[in-house]
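Quick note, in my numbering, the sequence shown goes up one by one and the last residue is 829.
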Amino acid sequence: MNSSKTYQLYHIAQIVGGTLVGDDDFQIDRLSIDSRTLVLASKTLFFALVGERHNGHDYIHDLYDKGIRAFVVSESVDYSNFEDCNFIVVADTLNALQRLSAHHRKNFTYPVIAITGSNGKTIVKEWLYQVLSPHYRIVRSPKSYNSQVGVPISVWQMNSEDELAIFEAGISKPCEMDKLEKIIQATGGVFTHLGAAHRENFEDTKALLDEKLKLFASCEWIVYCDDDTSVSDAIKERYAKSKELLNWSRKSDASLRILSEKVDNGKIELKAIYNGEEKMILLPFIDKASIENAISCWLTCLHLGLSDEHIYKGFCDLQAVAMRMEIKEGQNNCLLINDFYNSDLGSLAIALDLMNQHGKERKKTVILSDIFQSGLQPEDLYAQVSELLILNEIDKIVGIGVDIASQAKRFQCESIFYPTTETFLKLIDTNLFKNEIILIRGARDFRFERISSALQYKAHRTILEVNLTAMVHNLNYFRSLLQPNTKLMVMVKAFSYGSGSTEIANLLQYHHVDYLAVAIADEGVDLRTNGISTPIVVMNPELHSFETMIDYNLEPEIYSLSVLKSFESILKKSGLKNYPIHLKLDTGMYRMGFVIHELDELISYLKDNSYFHIRSVFSHLAGSDEEIHDDYTESQIDKFEEWSRKICTAFSYKIDRHILNTSGIERFPNAQFEMVRLGIGLYGVSATKQNMLMNVSSLKTTISQIKWVEKDQTVGYSRKGKLDKKSRIGIIPIGYADGFNRKLSNGVGQVLVNGKLVSVVGNVCMDMCMIDLTDVEAKEGDSVIIFGDDYSLIRIAEKLDTIPYEILTTVSRRVKRIYFQE
Numbered sequence: 008m009n010s011s012k013t014y015q016l017y018h019i020a021q022i023v024g025g026t027l028v029g030d031d032d033f034q035i036d037r038l039s040i041d042s043r044t045l046v047l048a049s050k051t052l053f054f055a056l057v058g059e060r061h062n063g064h065d066y067i068h069d070l071y072d073k074g075i076r077a078f079v080v081s082e083s084v085d086y087s088n089f090e091d092c093n094f095i096v097v098a099d100t101l102n103a104l105q106r107l108s109a110h111h112r113k114n115f116t117y118p119v120i121a122i123t124g125s126n127g128k129t130i131v132k133e134w135l136y137q138v139l140s141p142h143y144r145i146v147r148s149p150k151s152y153n154s155q156v157g158v159p160i161s162v163w164q165m166n167s168e169d170e171l172a173i174f175e176a177g178i179s180k181p182c183e184m185d186k187l188e189k190i191i192q193a194t195g196g197v198f199t200h201l202g203a204a205h206r207e208n209f210e211d212t213k214a215l216l217d218e219k220l221k222l223f224a225s226c227e228w229i230v231y232c233d234d235d236t237s238v239s240d241a242i243k244e245r246y247a248k249s250k251e252l253l254n255w256s257r258k259s260d261a262s263l264r265i266l267s268e269k270v271d272n273g274k275i276e277l278k279a280i281y282n283g284e285e286k287m288i289l290l291p292f293i294d295k296a297s298i299e300n301a302i303s304c305w306l307t308c309l310h311l312g313l314s315d316e317h318i319y320k321g322f323c324d325l326q327a328v329a330m331r332m333e334i335k336e337g338q339n340n341c342l343l344i345n346d347f348y349n350s351d352l353g354s355l356a357i358a359l360d361l362m363n364q365h366g367k368e369r370k371k372t373v374i375l376s377d378i379f380q381s382g383l384q385p386e387d388l389y390a391q392v393s394e395l396l397i398l399n400e401i402d403k404i405v406g407i408g409v410d411i412a413s414q415a416k417r418f419q420c421e422s423i424f425y426p427t428t429e430t431f432l433k434l435i436d437t438n439l440f441k442n443e444i445i446l447i448r449g450a451r452d453f454r455f456e457r458i459s460s461a462l463q464y465k466a467h468r469t470i471l472e473v474n475l476t477a478m479v480h481n482l483n484y485f486r487s488l489l490q491p492n493t494k495l496m497v498m499v500k501a502f503s504y505g506s507g508s509t510e511i512a513n514l515l516q517y518h519h520v521d522y523l524a525v526a527i528a529d530e531g532v533d534l535r536t537n538g539i540s541t542p543i544v545v546m547n548p549e550l551h552s553f554e555t556m557i558d559y560n561l562e563p564e565i566y567s568l569s570v571l572k573s574f575e576s577i578l579k580k581s582g583l584k585n586y587p588i589h590l591k592l593d594t595g596m597y598r599m600g601f602v603i604h605e606l607d608e609l610i611s612y613l614k615d616n617s618y619f620h621i622r623s624v625f626s627h628l629a630g631s632d633e634e635i636h637d638d639y640t641e642s643q644i645d646k647f648e649e650w651s652r653k654i655c656t657a658f659s660y661k662i663d664r665h666i667l668n669t670s671g672i673e674r675f676p677n678a679q680f681e682m683v684r685l686g687i688g689l690y691g692v693s694a695t696k697q698n699m700l701m702n703v704s705s706l707k708t709t710i711s712q713i714k715w716v717e718k719d720q721t722v723g724y725s726r727k728g729k730l731d732k733k734s735r736i737g738i739i740p741i742g743y744a745d746g747f748n749r750k751l752s753n754g755v756g757q758v759l760v761n762g763k764l765v766s767v768v769g770n771v772c773m774d775m776c777m778i779d780l781t782d783v784e785a786k787e788g789d790s791v792i793i794f795g796d797d798y799s800l801i802r803i804a805e806k807l808d809t810i811p812y813e814i815l816t817t818v819s820r821r822v823k824r825i826y827f828q829e
């Protein structure tokens with residue numbers, strides 16, 4: 008992220024309390040914390056941040072090769088390895104980043120609005136930007152940059168040409184907001200909503216609220232909803248004597264009193280009283296959360312003095328905020344990343360980072376519109392865009408817009424330009440895009456959703472949405488339970504529990520898991536042919552697949568001497584030695600694996616056998632998810648400890664051990680050994696800590712048709728769905744061939760339509776089923792949630808007397824997977 012202000016390194020060293028080794032006069036105007044999103048290396052200062060599972064110091068050599076010559080470090084570095092390089096040595100690199108950003112903030116006197124709350128921060132920030140940007144030059148947080156790292160990076164973007172700043176701030180632990188408040192130093196604040204997010208790290212909800220309200224310490228005014236008495240009372244108690252409190256309410260007198268809310272044709276008309284005058288806005292959203300977020304924005308705009316005319320137009324034109332980047336299947340084996348309505352330079356780097364996660368085996372293409380309101384001259388702006396594309400090894404750019412076309416000579420990769428989206432759509436031949444990953448990214452005015460529609464594979468209307476952000480959250484949660492040196496194997500068998508094997512494996516490889524595990528060799532081959540290089544274990548190897556496993560560098564589970572000898576015969580033919588294997592011990596599951604009386608013979612066979620290298624020894628817990636089985640689980644762990652020690656001490660090299668599965672990781676932390684295996688927990692299901700995980704998968708479809716059916720008529724095959732009243736029946740294109748179990752027929756199953764649960768009518772068909780919409784406002788084309796954030800797959804599993812694994816793994820491959828990152 009860049010600033011218009013240039014700093015000399017000696018000055019930065021003074022600001023952050025560090026020691027400079029290098030050139031006092033070396034100048035920078037950019038900060039970086041991520042080697043993957045680097046722009047203009049020559050003027051960048053890299054902060055080597057240290058976290059529980061990452062260390063920026065590990066990337067200094069790579070960044071030096073890319074041209075960075077200035078680093079802030081907290082660990083020892085051999086300076087002789089870096090010619091003409093500069094280092095600022097500090098005790099804590101994150102603290103240094105925050106101190107530098109706080110200092111930078113003091114250079115500016117224009118208004119700064121700070122937004123906090125449990126939900127809605129990004130929406131309020133972006134909607135304020137949409138309404139106010141025609142009238143102010145605004146700097147704002149990119150995406151959801153609201154953390155201890157994101158806030159200083161956001162504030163660093165402030166420059167003298169701006170007229171207003173809008174930043175969001177989020178916390179997850181006590182004592183974090185003090186640091187963010189000192190960085191932002193807001194003149195005005197907006198509190199959105201108090202919910203349960205991050206509640207687990209606080210004594211109670213009041214403690215969470217008190218921490219959030221610290222953000223407003225330097226504010227002159229605060230916007231909030233008076234109808235939430237817990238929030239209202241806390242704000243008044245803390246700030247009534249020192250701030251101008253601007254509240255809104257549906258129930259009582261307030262700065263903005265809502266008089267009426269009238270819904271018509273998907274829009275809502277709001278009337279209110281402000282300073283004794285009646286005001287009105289029209290919103291293109293009718294859900295409760297959007298209305299409340301919009302009212303907070305409305306009050307903020309009124310306080311800033313925006314005219315009624317400009318407010319009315321701004322709110323009429325509000326657009327949904329692109330909170331996520333969607334990954335969809337395109338035509339001709341293309342993969343599309345939809346990042347509509349984002350066109351700023353900072354978040355382009357974020358989108359390219361996601362592109363790199365999934366584009367290893369495909370040509371990389373970017374479709375990009377003009378970038379508005381950057382504060383830079385076109386030649387400088389697109390020079391930076393070009394450098395970013397070079398850094399990320401982009402093969403082709405399709406530029407749309409007059410400004411980007413005028414800078415065509417700055418792009419070194421293959422390029423083609425069009426003046427408008429309409430021209431592109433009229434002239435383009437979609438067959439020209441083949442085996443590519445395509446980032447589609449444009450300013451709102453260009454309406455790039457039309458480009459995505461033209462390039463997208465026309466698929467079955469039933470889809471499985473996979474939230475990659477939620478998956479990373481779950482991964483990091485389980486990593487937080489591990490000792491620093493404990494390795495992590497992640498299960499991606501059965502099409503990654505229905506989520507899609509290659510896409511999930513790409514994500515896990517990007518986040519440096521130690522091992523992937525598949526059930527059969529063919530699953531591993533699929534990953535290898537799609538560019539996955541992480542070590543892969545085949546948990547159920549078949550004898551006929553051994554040669555294939557060797558060809559694709561897959562490592563087998565060995566569970567018997569006969570399997571071991573069969574694999575050895577293949578290795579002898581191949582001439583390979585020291586091939587990695589994983590020994591399975593049966594400590595009480597009574598499936599596959601060696602038992603105690605076989606160990607001496609196993610060790611004897613492997614001792615001094617040059618064909619094998621034992622990579623790990625492992626076992627499987629039978630009942631780690633249920634407390635009733637804890638004694639049995641402990642006995643399995645004790646057996647494993649004893650048996651695995653017997654094997655490990657017989658060999659001179661190090662052998663990893665692992666027995667814990669998802670529930671084992673959560674419930675038996677003392678049995679981590681050298682590695683653990685994460686399975687269903689990655690996908691958002693926990694037997695003990697469900698509240699700590701995020702839902703990953705959402706199965707959705709749409710209403711194909713709606714019809715009234717008279718009383719006493721029957722619906723569906725075998726006439727099982729007899730109606731006891733005249734009913735409004737919806738037909739949805741999902742059936743048992745898609746994974747919607749036939750046992751959900753005749754009222755057993757329910758789906759979510761416009762926030763309400765409705766029952767299945769009649770028998771589930773192969774490709775469709777029928778639902779009762781009599782008591783629900785719905786129309787053809789409306790979305791239907793089979794399971795997701797608001798209707799858990801766990802509830803469906805309970806109805807079917809099964810486990811969530813089965814629900815996920817039976818979602819048919821004909822159901823298209825759509826991946827998105829928030």
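Note that CB positions come from ideal geometry on N, CA and C, so glycine has one too.
Whose C-alpha, out of L583, T669, Q15, E183, is nearest the C-alpha of A629? T669
So what does L790 bridge to, in DSSP terms? Note on residue identity: the sequence assigns Ser, not Leu, to residue 790. For S790, which the question treats as bridged, DSSP gives the partners T709.
Taking K533 as the reference, give the member of G337, M599, I511 with the closest Cα. Inspection of the sequence shows that residue 533 is occupied by Asp rather than by Lys. Checking every option, the nearest Cα to that of D533 belongs to I511.
Same chain, Cβ closer than 7 Å to D30, five either side skipped, listed in chain order: L16, N93
With DSSP run on the structure shown, which of helix, strand or coil describes A526? coil
Out of curiosity, what's the CA-to-CA distance linking G283 and D185? 37 Å
Which residues in the same chain as I190 place their Cβ atom closer than 7 Å to its Cβ, once the five residues preceding and following it in sequence are excluded? These residues qualify, in order along the chain: Q105, S108, A109, R112, V158, P159, V162.
Roughly how many whole angstroms lie between the Cα atoms of G742 and Y117? Roughly 58 Å between the two C-alpha positions.
What does the Cβ neighbour count give for Q164, buried or exposed, with the cut at 16 atoms within 10 Å? buried
Span of the beta strand (DSSP E) around R820: Segment: none, R820 is in no beta strand (DSSP E) and carries neither H nor E.
Distance check for I435 and I397, CA to CA, integer angstroms please. 25 Å
Considering only their Cβ atoms, is the gap separating S626 from F647 smaller than 8 Å? yes
Looking at V131 and T199, is the spacing between their C-beta atoms short of 8 Å? yes
Just verifying my parser: in three-state terms, what is the DSSP assignment at K371? strand
L689 vs V497 beta-carbon contact at 8 Å: A contact, by the Cβ cut-off of 8 Å.
One question on the structure: do L95 and L27 come within less than 8 Å of each other, judged by their Cβ atoms? A small correction: the amino acid at residue 95 is Ile; Leu does not occupy that position in the sequence shown. At the C-beta level, I95 and L27 come within 8 Å of one another.
Quick check: what's the CA-CA separation for N126 versus A477? 16 Å
What are the start and end residues of the alpha helix (DSSP H) that includes W650? 637–655
Indicate the three-state DSSP secondary structure (helix, strand or coil) for E284 in the structure shown. strand
Contact belief for E188 with S225 at Cβ below 8 Å, rounded distance in angstroms: 7 Å
How should E443 be labelled, buried or exposed, when 16 other C-beta atoms within 10 angstroms of its C-beta is the threshold for buried? buried
Whole-angstrom distance between R448 and I411, CA atom to CA atom: 13 Å
Inter-residue Cα distance where the pair is E633 and A694: 8 Å
Sort out for me which residues DSSP pairs F94 with in a bridge. V28, F78
For the structure I just gave you, are there three or more beta carbon pairs, one from the region 517–532 and one from the region 565–577, closer than 8 Å? Contact fails: fewer than three Cβ-Cβ distances are below 8 Å.
For Y826, which residues in the same chain have their Cβ closer than 6 Å to its Cβ, ignoring the five residues on either side in sequence? I334, V473, L475, E510
So, with DSSP's three-state summary, where would you put W163? In this structure, W163 counts as coil in the three-state DSSP scheme.
Nearest by alpha-carbon distance to I40: which of I778, I357, V716 is it? I357
Contiguous alpha helix (DSSP H) assignments of at least 4 residues, all confined to the region 649–696: 669–674
Straight-line Cα distance separating S148 from F292: Each residue's Cα considered, the two are about 24 Å apart.
What are the start and end residues of each continuous beta strand (DSSP E) run of 3 or more residues lying completely inside the region 316–363, in chain order? 332–336, 342–345
Would you mind sorting S323 into buried or exposed? The rule is 16 or more other CB atoms within 10 Å of its CB. Looking at the sequence shown, residue 323 is not Ser but Cys. Looking at its Cβ environment, which holds fewer than 16 other Cβ atoms inside 10 Å, C323 is exposed.
C-alpha distance - Y86 paired with V97, whole-angstrom precision: 15 Å
Work out the CA separation of D645 and L606 for me, nearest whole Å. 16 Å
What would DSSP say about L489, mapped onto helix, strand or coil? Looking at L489 - three-state DSSP - the assignment turns out to be coil, as it is neither helix nor strand.
Identify every run of the beta strand (DSSP E) within the region 547–599, keeping only runs that are complete inside it and at least 3 residues long; order them along the chain. 562–565, 586–592
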